[in-house]
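Quick note on this note's numbering: the sequence shown kicks off at 13 and runs consecutively.
All C-beta atoms, glycine included, are put in the ideal place defined by N, C-alpha and C.
As structure tokens, the structure follows; a few thoughts come after it.
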Amino acid sequence: MKCDICGNTNTYIKDHKHNYKRGNIKYSFISKRRFCSNCNNLVYDAELDNEASKKAISTYTEIVGINPIEIIKLRKSYNLTQEQFAKIIGCAKKTLISYEQGKSIPNDIYI
Ligand SMILES: [Zn+2]
């Protein structure tokens, strides 16, 4: 692992508090992330970053009370294709697909 900012290869892992805001909903969670031991910048670590985004999604769906399965159910109850449903809720088809697969939360802002 190498720091993008200073090029240092010494890194460490620590608990990091993530604060997200989506619309009026603010939420936070703690997950392990990798940092540069020289400049303390966040260093990309595929495994830890993946864990963090999974945690972000599960935290958000717990708060809002929706989950990808319910989105798919809702869409199918109206017999809509992903394309049609995306148009109705006002997002891109790609976004809807990643949301249905639980891969992302559309429009989240990383603070
Ligand atoms: Zn650095």
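Using a 10 Å radius around the Cβ and a threshold of 16 neighbouring Cβ atoms, would you call residue i buried or exposed?
{"i": "Val-55", "result": "buried"}
{"i": "Ala-98", "result": "buried"}
{"i": "Cys-51", "result": "exposed"}
{"i": "Cys-18", "result": "exposed"}
{"i": "Leu-108", "result": "buried"}
{"i": "Ala-68", "result": "buried"}
{"i": "Asn-22", "result": "exposed"}
Less than 8 Å between the beta carbons of residue i and residue j, yes or no?
{"i": "Glu-112", "j": "Ile-84", "result": "yes"}
{"i": "Phe-41", "j": "Tyr-24", "result": "no"}
{"i": "Glu-63", "j": "Ser-43", "result": "yes"}
{"i": "Lys-105", "j": "Glu-95", "result": "yes"}
Quick one, which of the options has its alpha-carbon nearest residue i's?
{"i": "Glu-82", "options": "Lys-66, Ile-100, Thr-23 and Gly-114", "result": "Gly-114"}
{"i": "Leu-60", "options": "Tyr-72, Ala-98, His-28 and Ile-100", "result": "His-28"}
{"i": "Gly-35", "options": "Ser-89, Tyr-72 and Phe-41", "result": "Tyr-72"}
{"i": "Asn-53", "options": "Lys-14, Tyr-90 and Glu-63", "result": "Lys-14"}
{"i": "Asn-20", "options": "Ser-49, Lys-26 and Asp-57", "result": "Ser-49"}
Helix, strand or coil for residue i per DSSP?
{"i": "Ile-17", "result": "coil"}
{"i": "Asp-61", "result": "helix"}
{"i": "Leu-92", "result": "coil"}
{"i": "Lys-29", "result": "strand"}
{"i": "Tyr-72", "result": "helix"}
{"i": "Lys-38", "result": "strand"}
{"i": "Ser-110", "result": "helix"}
For ligand 1, is there a heavy atom less than 7 Å away from the beta-carbon of residue i?
{"i": "Cys-103", "result": "no"}
{"i": "Ile-17", "result": "yes"}
{"i": "Asn-62", "result": "no"}
{"i": "Asn-31", "result": "no"}
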